[in-house]
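Right, one structure below, let's go through it.
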Amino acid sequence: SQQGEEDPQALSIQEGENATMNCSYKTSINNLQWYRQNSGRGLVHLILIRSNEREKHSGRLRVTLDTSKKSSSLLITASRAADTASYFCATDPDSNYQLIWGAGTKLIIKP
Amino acid sequence: GAGVSQSPRYKVAKRGQDVALRCDPISGHVSLFWYQQALGQGPEFLTYFQNEAQLDKSGLPSDRFFAERPEGSVSTLKIQRTQQEDSAVYLCASSLVSAGGAEAFFGQGTRLTVV
Chain A
1 SQQGEEDPQA LSIQEGENAT MNCSYKTSIN NLQWYRQNSG RGLVHLILIR SNEREKHSGR
61 LRVTLDTSKK SSSLLITASR AADTASYFCA TDPDSNYQLI WGAGTKLIIK P
Chain B
1001 GAGVSQSPRY KVAKRGQDVA LRCDPISGHV SLFWYQQALG QGPEFLTYFQ NEAQLDKSGL
1061 PSDRFFAERP EGSVSTLKIQ RTQQEDSAVY LCASSLVSAG GAEAFFGQGT RLTVV
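Structure representation (structure tokens):
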């Protein structure tokens, strides 16, 4: 079963615009991670945010976490064609070491 | 190599055939995971190894699925008597530590098609 749900399922924007994706989850967590997957490179870790953090930045990425709402958002600023991929959130529930994944957001950046 | 390596990249099996999927994790990584990913979905957990010990196999869909990591490095996922519903991408991931939620490094996956 999948813990996370990404929203929207698909997003298409122009190059240079910002892209925002959301993730909701069901149980308490230790941390939440975002991954990117494209056909060329497989699944790649982007950023990890711990349950006691509210916001984290990495280059053009900004992640927020609201544990009271059990939700997270991933913002990609100044999007590029190379950002075209599927983006997944994965949570590490309190109870074990498994990563529980959502179904992903498919992001298309139009040149 | 520097990353997680999986082989074969693609496998077509006739229904009822046995298959073996190999994963070479990053050297020194303690944790190794197998995931199954259906088209358009996120990965689903299959099993977890900490070194050579299989600590969790709760995600294996049936007793036709078997995984091993006998020397704490290379792992093999074996599927016996394959069925069409086994068609998916099988992903292997490793991480440096045994603590939960550590950054996982994924291989490119093996795409299994059962015909």
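Order-wise, the sequence lines are chains A and B.
Each residue of the first sequence is one higher than the one before, starting from 1 at the first, in this note's numbering.
Each residue of the second sequence is one higher than the one before, starting from 1001 at the first, in this note's numbering.
The beta carbon of each residue, even a glycine, is placed where N, CA and C say it ideally should be.
Note to self: Looking only at its chain, what residues have a beta carbon closer than 6 Å to the beta carbon of R36/A, apart from the 5 residues adjacent to it on each side?
What the structure shows: Taking the first sequence and counting its residues from 1, the one referred to as residue 36/A is at position 36. Same-chain partners within the cutoff: V44, L46, A85, Y87.
Next item on the list: Starting from the C-beta of Q1084/B, find all residues in its chain whose C-beta is less than 7 Å away, skip the five residues before and the five after it, and write them out in chain order.
Entry: Locating residue 1084/B in the second sequence gives position 84, counting from the first residue. Same-chain partners within the cutoff: R1015, V1114.
Check: In terms of DSSP beta bridges, what is G42/A paired with?
Finding: Locating residue 42/A in the first sequence gives position 42, counting from the first residue. G42/A pairs with N38/A.
Note to self: Suppose you measure from the CA of L1039/B to the CA of A1088/B; what does that come to, to the nearest Å?
What the structure shows: Within the second sequence, numbered from 1, the residue matching residue 1039/B stands at position 39. Within the second sequence, numbered from 1, the residue matching residue 1088/B stands at position 88. In a straight line, the C-alpha of L1039/B is about 7 Å away from that of A1088/B.
Next item on the list: Check the Cβ-Cβ distances between Y25/A and every residue of chain B, and say whether any is below 8 Å.
Entry: As a working note, residue 25/A is residue 25 in the first sequence. False, the Cβ-Cβ gap to chain B never drops below 8 Å.
Note to self: Using beta carbons (cut-off 8 Å, strictly below), is G59/A in contact with chain B?
What the structure shows: If you number the first sequence from 1, residue 59/A lands on position 59. Not closer than 8 Å to any Cβ of chain B, the Cβ of G59/A fails to qualify, so no.
Item checked: The beta strand (DSSP E) enclosing E55/A, as first and last residue numbers -> The residue given as residue 55/A occupies position 55 in the first sequence. From DSSP, the beta strand (DSSP E) with E55/A extends over 55-58.
Next item on the list: Have a look at E5/A, S24/A, T91/A, R62/A and flag the residue whose alpha-carbon is nearest the alpha-carbon of T77/A.
Entry: Sequence index remark: in the first sequence, residue 77/A carries index 77 (1-based). The option with the nearest alpha carbon to T77/A is R62/A.
Margin query: Looking at F1105/B: is its Cβ nearer than 8 Å to the Cβ of S1095/B?
Written below: Walking along the second sequence from the start, residue 1105/B turns up at place 105. Walking along the second sequence from the start, residue 1095/B turns up at place 95. A contact, by the Cβ cut-off of 8 Å.
Next item on the list: Give a yes or no on whether the C-beta atoms belonging to D114/A and N30/A are separated by under 8 Å.
Entry: Here chain A has residues from 1 to 111 only, and residue 114/A is not among them.
Notebook entry, point to check: Terminal residues of the continuous beta strand (DSSP E) containing R62/A?
Noted result: On the first sequence, residue 62/A is found 62 positions in, with the first residue counted as 1. That run of the beta strand (DSSP E) goes 61-66.
Margin query: What does DSSP give as the partner residue(s) for D7/A in the beta ladder?
Written below: Here residue 7/A is taken as the residue at index 7 of the first sequence, counted from 1. Bridge partners of D7/A: N22/A.
Next item on the list: Return the chain-ordered list of same chain residues with a C-beta closer than 6 Å to the C-beta of S1075/B, the five sequence neighbours on each side being excluded.
Entry: Position 75 of the second sequence holds residue 1075/B. So the list reads C1023, L1032, R1069, once near-sequence residues are dropped.
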